[in-house]
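Taking it in order: structure first as structure tokens, then the write-up.
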Amino acid sequence: MQKLRVSFVAGVTPGKWMDRFTERYPEVELAASRQDFGDILDQLANDQADVVFVRYRGESPKDATRHVIPLYEELEVLCAAKDHDVEYYEETIPEETAASFPQVDLADYPEEVGGIPTAMEVVASGAQVLRVPQSVARLFHRKDVIYRVIEPGAPSMIGIAWPTAMEDTRMVDEFIGIVRGRSANSSRQTSVRNSEQQAKRINDKKKAVAKAKAQEAAKKAKQQAKKQARSGSKGRKRR
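Structure below.
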């Protein structure tokens, strides 16, 4: 049974894409996992995943070992306790103001000490604020924590990556096509493209056979006409 391993960073919600993939390819086992800490691209390097959703800022992490396609941009937000000064701002907060508050460093809250949920507890206490992508703030939402979009902030990009050394990329191509919104009948889907190419090869072969038969028939007709012409000429000479 074929298997496709998908890993994604916190904040990415690939459920709808995985459901569509499973509907189209029920014979393929789809294994998914979320990674909140560390470099998710290591999963590609260590052959722990076939495709990953990666978050990055600045230049694309694409290199000789991996392909990366950018998908969408995320806004950066500032998380703070209710009744914190941040709450006075309605929707956005200036970068300078956001930077003026004591900040939580997520590096101080690795998974073994509770990770982001523990960091959010610190935020809820009012002691510090936390800058994260908006999707992460939504994922770890608490009733006693609010957030505001930082203007301009440091937006991040979500991309999808897979190894350049992968020999059989058919299932990865199909999954990426689904993520990018291609329908099951899209000519850009690998499965559809392969079917169309196969149909074209069959059609071209039929055309070639038909052409060969037509040429052979024309050749025989021409030979027959020449034979009849020679027979007629001999008959006239005898008279």
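Each residue of the sequence shown is one higher than the last, beginning at 769 in our numbering. Quick reminder that beta carbons are idealized off the backbone N, C-alpha and C, glycines included.
Between the options, which lies nearest to residue i when the distance is taken from Cα to Cα?
i      : options                        : result
Asp810 : His909, Arg788, Met925, Pro931 : Pro931
Lys840 : Glu984, Gly779, Asp853         : Strictly speaking, residue 840 in this sequence is Tyr, with Lys absent from that position. Of the candidates Glu984, Gly779, Asp853, the one whose C-alpha sits nearest the C-alpha of Tyr840 is Gly779.
Pro794 : Gly921, Gln996, Gln991, Met939 : Met939
Ile918 : Val796, Pro829, Val854, Leu798 : Val854
Met934 : Lys987, Pro885, Ala832, Pro862 : Ala832
Lys929 : Glu984, Pro829, Gln816, Leu772 : A small correction: the amino acid at residue 929 is Ala; Lys does not occupy that position in the sequence shown. Residue Pro829 is the option with its Cα nearest to Ala929.
Pro920 : Glu844, Arg823, Met786         : Glu844
Val774 : Gly883, Ala817, Pro885         : Ala817
Ala772 : Lys784, Glu791, Val796         : Residue 772 is actually Leu in this sequence, not Ala. Closest option to Leu772, Cα to Cα, is Val796.
How long is the line joining the alpha carbons of residue i and residue j, rounded to whole angstroms?
i       : j      : result
Arg906  : Leu898 : 13 Å
Ile926  : Lys973 : 45 Å
Gln902  : Lys975 : 57 Å
Lys994  : Ala980 : 21 Å
Gln770  : Leu874 : 37 Å
Val872  : Phe908 : 15 Å
Ala813  : Glu864 : 38 Å
Pro923  : Val820 : 20 Å
Ala989  : Gly945 : 53 Å
Val904  : Gly949 : 23 Å
Arg1009 : Asp876 : Not covered by the structure: residue 1009. The range shown for the chain is 769 to 1007.
Val777  : Leu798 : 17 Å
Ala986  : Val947 : 54 Å
Met786  : Thr937 : 17 Å
Glu859  : Gly883 : 27 Å
Glu879  : Ser868 : 27 Å
Glu984  : Gln992 : 12 Å
If you count every other CB in all the chains shown that lies within 10 Å of the CB of residue i, and 16 or more means buried, which is it?
i       : result
His835  : buried
Gly826  : exposed
Glu842  : buried
Val881  : exposed
Ala895  : exposed
Pro838  : exposed
Pro782  : buried
Glu942  : buried
Gln996  : exposed
Ala1008 : With the chain covering only 769 through 1007, there is no way to say anything about residue 1008.
Ala982  : exposed
Ala887  : buried
Val977  : exposed
| field | Stretch pair the segment 839-851 + the segment 904-915: three plus CB contacts closer than 8 Å | value | yes
| Are the segment 791-809 and the segment 887-896 touching, with three or more C-beta to C-beta distances below 8 Å? | no
| request: Starting from the N-terminal side, write out each stretch of the beta strand (DSSP E) that is 3 residues or longer and does not extend beyond the segment 833-888. | output: 834-842, 844-849, 860-862
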